[in-house]
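In this note's numbering, each residue carries its 1-based index in the sequence shown increased by 58. Okay, so here's the structure we're looking at.
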Amino acid sequence: MDRFEELRRNLDKTNMVGIEIGPFYSPVAPKFDGWKTIVIDFQDGDALRSVARDHSVEAIRAKVSQIEDVDIVWQGDPLDDLALVRRPEGYDYFIASHVIEHTPDILSFLQQVSRLLRETGVISLAVPDMRKCFDLFKPASSIREVLTAYREKRVRHTPETLFEARALSVNRNGLGSWLAGSTAPLAFTGNFDHAWRSYQQDVASLDARYIDAHAWFFTPASFELLILELNYMRLLDVSITSLVESHGSEFIVQLRKTPAIQISLADFNTKRLALSRQQAVEY
């Protein structure tokens, strides 16, 4: 299976209605191919097509025609509120390719996604593998950071997140992602002095405009561990049904709505320890 087929696993365009957020020039379940998909993005279709036409990357300019009209322009409002107004009975699937790592509050985001789905709904995610992209030297995200962002109800990235993005991002021969096993030379992408100056400015102007960045960094096992912990804590009513590492710089995850797992603390700790050990080996 290619990545698109993996993301569409268990989805059926003939009788399912779903959502795809942020597809830009590469939709997974495009309306032009017969999918009953509601498209959510931060700009409307005309604005996105304009961005693509002027993009510095020729491959993106060549895909302007694949950018679909946007049904819901998202400006930070709760996703479930926006989506359920259009379809109160809920949705059968939610697709997000390289989106969740950008969310300031990943737990609130996943809770909103769960609420907009029907009981049999599927969440299909493409998640960057931090071992094979510019996030390589950033610390893997843990339950601590997730709970902190949730408690603070973050709607924008912290100065520390932005500093980390500027100071710790790396590349291999100028590329921000690579295949497993690459031995191409590594280099920091940003300038540390610039990152430090920008951090001080960010701290002094916390209400400045939103600046995008990766806020969450995962290996396959660390992501699986996080979902297990959040489900056990009854903070999230979804669980992983499949997780596939791609040959490239991501892994594909599908989740379904499910009640909180009913296992003993001892069994939970056994699973948690196994995933923690796997994460250490992966990294």
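The beta-carbon is built from N, C-alpha and C at its ideal position, and this holds for glycine as well.
What do you reckon, are the CB atoms on residue 304 and residue 67 nearer than 9 Å? In the sequence shown, the residue the question calls residue 304 occupies position 246. In the sequence shown, the residue the question calls residue 67 occupies position 9. It is not a contact, given that the beta carbons lie outside the stated cut-off.
Which of the three DSSP states is assigned to residue 176 in this structure? Locating residue 176 in the sequence shown gives position 118, counting from the first residue. DSSP places residue 176 in strand when its eight states are reduced to three.
According to DSSP, which residues form a beta bridge with residue 6? Within the shown structure, residues of the chain are numbered from 59 to 341, placing residue 6 beyond reach of any answer.
In chain order, what residues of the same chain have a beta carbon less than 6 Å from the beta carbon of residue 302, not counting five sequence neighbours either side? Against the sequence shown, residue 302 aligns to sequence position 244. 64 and 310.
Unbroken beta strand (DSSP E) runs of length 3 or more, entirely within the stretch 285-329: which are they? 296-303 and 308-315
So, for residue 134: in the same chain, excluding its five sequence neighbours on each side, which residues have a beta-carbon less than 7 Å away from its beta-carbon? Locating residue 134 in the sequence shown gives position 76, where the first residue counts as 1. Excluding sequence neighbours, residue 134 sits near 213.
Tell me the DSSP secondary structure of residue 219 in three-state form. Stepping through the sequence shown from its first residue, residue 219 is reached at position 161. Of the three classes helix, strand and coil, the one that applies to residue 219 here is helix, per DSSP.
Compare the beta carbon distance of residue 144 and residue 129 with 9 Å and say whether it is the shorter of the two. Mapped onto the sequence shown, residue 144 falls at position 86. Mapped onto the sequence shown, residue 129 falls at position 71. Yes, they are a contact pair.
Distance check for residue 285 and residue 136, CA to CA, integer angstroms please. Numbered from 1 along the sequence shown, position 78 holds the residue referred to as residue 136. Numbered from 1 along the sequence shown, position 227 holds the residue referred to as residue 285. Each residue's alpha carbon lies about 21 Å from the other.
Using CA atoms only, rank isn't needed, just tell me which of 171, 259, 152 and 229 is closest to residue 190. Stepping through the sequence shown from its first residue, residue 190 is reached at position 132. It is 229.
Quick check on residue 321: buried or exposed, where buried means 16 or more other Cβ atoms within 10 Å of its Cβ? For the purposes of this step, residue 321 is taken as residue 263 along the sequence shown, with counting starting at 1. Exposed, because fewer than 16 other Cβ atoms sit within 10 Å of the Cβ of residue 321.
For the alpha helix (DSSP H) that residue 95 lies in, which residues bound it at each end? Within the sequence shown, residue 95 is the residue found at index 37, counting from 1. Counting along the chain, residue 95 falls outside any alpha helix (DSSP H), though it belongs to the beta strand (DSSP E) covering 94-99.
Taking just the CA atoms, how far does residue 86 sit from residue 283? For this step, residue 283 is matched to residue 225 along the sequence shown. For this step, residue 86 is matched to residue 28 along the sequence shown. Cα to Cα, the separation comes out at about 26 Å.
Limits of the alpha helix (DSSP H) - the one that residue 103 falls within: Start at 1 with the first residue of the sequence shown, and residue 103 comes out as number 45. Segment 103-111, the alpha helix (DSSP H) holding residue 103.
Between residue 140 and residue 77, what straight-line distance do the alpha-carbon atoms span, to the nearest angstrom? Here residue 140 is taken as the residue at index 82 of the sequence shown, counted from 1. Here residue 77 is taken as the residue at index 19 of the sequence shown, counted from 1. The alpha-carbon atoms of residue 140 and residue 77 are separated by roughly 11 Å.
Specify whether the stretch 246-265 and the stretch 206-225 touch according to this definition: at least 3 beta carbon pairs, one from each stretch, less than 8 Å apart. yes
Taking residue 141 as part of the alpha helix (DSSP H), name the residues at either end of that continuous run. Here residue 141 refers to the residue found at position 83 when the sequence shown is read from its first residue. Taken as a continuous stretch (DSSP letters only), the alpha helix (DSSP H) holding residue 141 covers 137-144.
Once the 5 residues before and after residue 293 are set aside, which same chain residues still bring their CB inside 7 Å of it? By 1-based counting over the sequence shown, the position of residue 293 is 235. These residues qualify, in order along the chain: 165.
Please report whether the beta-carbon of residue 286 lies at a distance below 9 Å from any beta-carbon of chain B. Here there is only one protein chain, and chain B is not present.
How should residue 289 be labelled, buried or exposed, when 16 other C-beta atoms within 10 angstroms of its C-beta is the threshold for buried? Translated into positions along the sequence shown, residue 289 becomes position 231. Buried is the call here.
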